[in-house]
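Chains as they are written, first to last, in this note's numbering: chain A, 93 to 300; chain B, 7 to 633. All C-beta atoms in this analysis are idealised placements derived from N, C-alpha and C, irrespective of residue type, glycine included. The model shown is predicted, which means the values in this text are computed figures rather than measured ones. Below: one structure, written as structure tokens.
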């Protein structure tokens, strides 16, 4: 397996899809897809918990009263845009354009931080209005579901920043390319989860 | 080779702490799982001694609850699971003709996470706060109002071990999909590999559910959340759903690899191809699929209503169909075969009727109206011990005797092996058969004692005698291991006239497994060559330099990090005498520091590329590297 892989890693022509060039790279990508399958069950379980407990607000503020759709819509717009910029980073990778990768990943990270800033602001507002983690079964479920997603975004921006540092140090190789690719996969997944949070938590909370 | 990397190679104990070799990790899993199996077994014997006669005072009630909880938790998560992983590691890559697993580093990390999770759970004995809410940890008993501090050890220990199991499952999925030798198509994979493959998929989709359940329970217990607190709008049945959405697939995670082992052993010792190979594969997949559809049969008496109960009852009964296919296929494999009753085959053959008995009571329990009668009685205890001990454990012991020569280069003593088999087998039936009747006579589960004169006295006495007999059998097995380990390491490559690829290479295999990747020409790849009069596989590549991953100490440090972090969270609200210690725990410095160690190791792993090293043809010896 490795005699061929190894020569790629040490100079020579970079193949068109550097993330798929080695068995290690292909293993990493397949393993990450499977990991995302597990993450889907994780978030599915959190969604189920939230749906089961969302009516239990006790004397806390109700969902319709709490949610500010303008803020949430802005957050959604920011995160979906960041999904697109991560695609542009992958396209740059396929052109072997290291600068392009850094630019688009940088924008992705910046958008991720903007999203996190909005989320923190939103949580502070909620706490101000008496919607606290220990308030009711609903509030615990809300903060756990949305917080788990937020933690994923935070992990993602730190991770992608570190990959940018690696790219600038080591350049684009058959070793670094799969890392960029799986980070982009992760980022899409986190954005996809947010689409469901936007729908199930916020829109249904406003309507229902 | 042009680029030789200077790589530090560890020796002795450091070699074992840093190894990423799947064969050594398999041995680590076997030793650690075996150790926890002995602890769990000891707990079982203490439980049985307390129940030997009515109104015994051998153990206080509270200790009994702790032993009961720890027995179940230890046996399922820290004995059965790692022993399965031991064989998956030791055998699966060999069976598909691979030099290693897809992610050797992740493999080592999975082991150490499991190990420190198990350590954390069992340290509770030393600290004196032992989980006591049953292995299912139902709320509100396990919640902040009623559960003792011990439940924290359950939550944290299982969480850490669960992460290890999850990444282990992903590793084997990718290994099977991407690492098969040329010609090893899916429908030529040995059945143990198939079973492990499906089991890994079940792990991937089942474990996140328990992860969430444990997180919610932890939030309730440590941070004042209200998921399971009805006074605050929480729902106790939610825990039962989350637990069993994981818990029922977990049962199949346990039994499918045993099915795989039995298929290998029965076929090898009948000197016949496995009967109905394709239907065996299909049945394995079907059982794995249906395993996700039946979790509520653990909750028939919760009050889900007749429609839900009926659906889950039917789905449960459906599983008997693919399982029955398997039973018949094993019998037809034996039929007309040239059967050799080695110890491995004794365990395998005895598995068949024993597991059928467990399956029959399973179908009885699936009848929802009857379940109201069986629920929480010893009938249930008898049922799940028939499928887990009579199924999984007999399968594991079969695998131990079958693959021991391949793992250690020594054949276990057959005479002592047969003593072990008969003591364990008779002891098992003595212990659990009578418990069906105790249950039908109304003896409830989980009671620490009972009044005499209810017709339960003899049954309990017999059951305890059986448990002791199993204990004696296990001692004979330990003696066998000690005696065998003193013999020279001279096992032949193929001691059983095997059919699959692991028997084509030396016992134990060299660290690169296959000097030349084999070309697979059919199902039972080695047997195909034997039938054609050859003594070895046709190579698929010339002899050449072999690239190997280097060992790493990071997996164990990452696991220690989470271990420390777990204690940090558990004792954040604990009043300590020492103000410095109090300060460190109260402000989550220990908790965050522990998790920080793990994250920092992840960072190190990411930035430092592992160049690995090469084993040149002149260093590739026929006889494997010694342990």
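Less than 9 angstroms separating the beta-carbons of residue 424 of chain B and residue 344 of chain B? no
I believe residue 145 of chain A touches residue 230 of chain B by the beta-carbon criterion, under 8 angstroms. Please report the beta-carbon distance rounded to the nearest angstrom. The Cβ separation is near 15 angstroms, so there is no contact.
Could you please tell me which residues of the region 173-199 of chain B, in chain order, have their CB closer than 7 angstroms to any CB of chain A? 176, 179, 180, 183 and 184
According to DSSP, is residue 265 of chain B part of a helix, a strand, or is it coil? helix
With burial defined as no fewer than 16 other Cβ atoms inside 10 Å of the residue's Cβ, what is the status of residue 395 of chain B: buried or exposed? buried
Under a three-way DSSP split, which group does residue 347 of chain B fall into? coil
Could you check where the beta strand (DSSP E) with residue 554 of chain B kicks off and where it finishes? 552-554
9 angstroms is my cut-off, CB to CB: does residue 271 of chain A come that close to chain B? yes
Roughly how far, in whole angstroms, is the beta-carbon of residue 124 of chain B from the beta-carbon of residue 42 of chain B, given that I think they are within contact range, below 8 angstroms? 6 angstroms
Give the list of continuous alpha helix (DSSP H) stretches no shorter than 4 residues that lie fully inside the region 243-323 of chain B. 283-296
I believe residue 381 of chain B touches residue 306 of chain B by the beta-carbon criterion, under 8 angstroms. Please report the beta-carbon distance rounded to the nearest angstrom. 7 angstroms
Chain A contact residues for residue 609 of chain B, given Cβ-Cβ distances below 8 angstroms: 254
How close, in whole Å, do the beta carbons of residue 228 of chain A and residue 225 of chain B come, if the pair is a contact with beta carbons under 8 angstroms? Contact doesn't hold; Cβ gap of about 13 angstroms is too wide.
Under the three-state reduction of DSSP, which class applies to residue 214 of chain B: helix, strand or coil? helix
Which value, in whole angstroms, describes the spacing of the CA atoms of residue 6 of chain B and residue 193 of chain A? Residue 6 of chain B cannot be examined here, being either before or after the span of chain B that is shown, 7 to 633.
What number of angstroms, rounded off, separates the C-alpha of residue 525 of chain B from the C-alpha of residue 186 of chain B? 10 angstroms
For chain A, check one thing: does any of its Cβ atoms lie closer than 9 angstroms to the Cβ of residue 94 of chain B? no
According to DSSP, simplified to helix, strand and coil, what is residue 64 of chain B? coil
How would you label residue 542 of chain B, buried or exposed, when you count the other beta carbons within 10 angstroms and need 16 or more for buried? exposed
In chain order, what residues of the region 221-234 of chain A put their CB closer than 9 angstroms to some CB of chain B? 225, 226, 227, 228, 229, 230, 231, 232 and 233
Which runs of the alpha helix (DSSP H), 4 residues or longer, sit entirely within the region 97-150 of chain B? 110-133
At 9 angstroms on the CB atoms, spell out the chain B contacts of residue 258 of chain A, in chain order. 612 and 613
Measuring alpha carbon to alpha carbon, tell me which residue in A:130, A:161, A:293 and A:223 is nearest residue 210 of chain A. A:161
Around the C-beta of residue 630 of chain B, are 16 or more other C-beta atoms found within 10 angstroms, so that it is buried, or is it exposed? Low per-residue confidence applies at residue 630 of chain B: pLDDT is 43, beneath 50, and the placement is therefore not dependable, though the value from the model is reported in the following sentence. Buried is the call here.
N- and C-terminal bounds of the beta strand (DSSP E) containing residue 620 of chain B: 619-621
Delimiting residues of the alpha helix (DSSP H) encompassing residue 279 of chain A: 268-288
Of the residues A:182, A:224, A:147 and A:251, which one's Cα is nearest the Cα of residue 239 of chain A? A:224
Could you name the residues of the same chain whose beta carbon sits closer than 7 angstroms to that of residue 283 of chain B, not counting the 5 residues immediately before and after it, in chain order? 529
DSSP three-state call for residue 383 of chain B: helix, strand or coil? strand
Tell me residue 524 of chain B's beta-bridge partners as DSSP assigns them. B:545
Within-9 angstroms CB hit, residue 213 of chain B to chain A: yes
I'd like the span of the alpha helix (DSSP H) that includes residue 561 of chain B, first residue to last. 560-576
Pairwise C-alpha distance: residue 419 of chain B and residue 498 of chain B: 15 angstroms
Is it buried or exposed for residue 235 of chain A, if we count other Cβ within 10 angstroms and need 16 for buried? buried
List the residues of chain B whose Cβ lies closer than 8 angstroms to the Cβ of residue 144 of chain A, in chain order. 241 and 244
Going by DSSP, what residues sit across from residue 450 of chain B in a beta bridge? B:383
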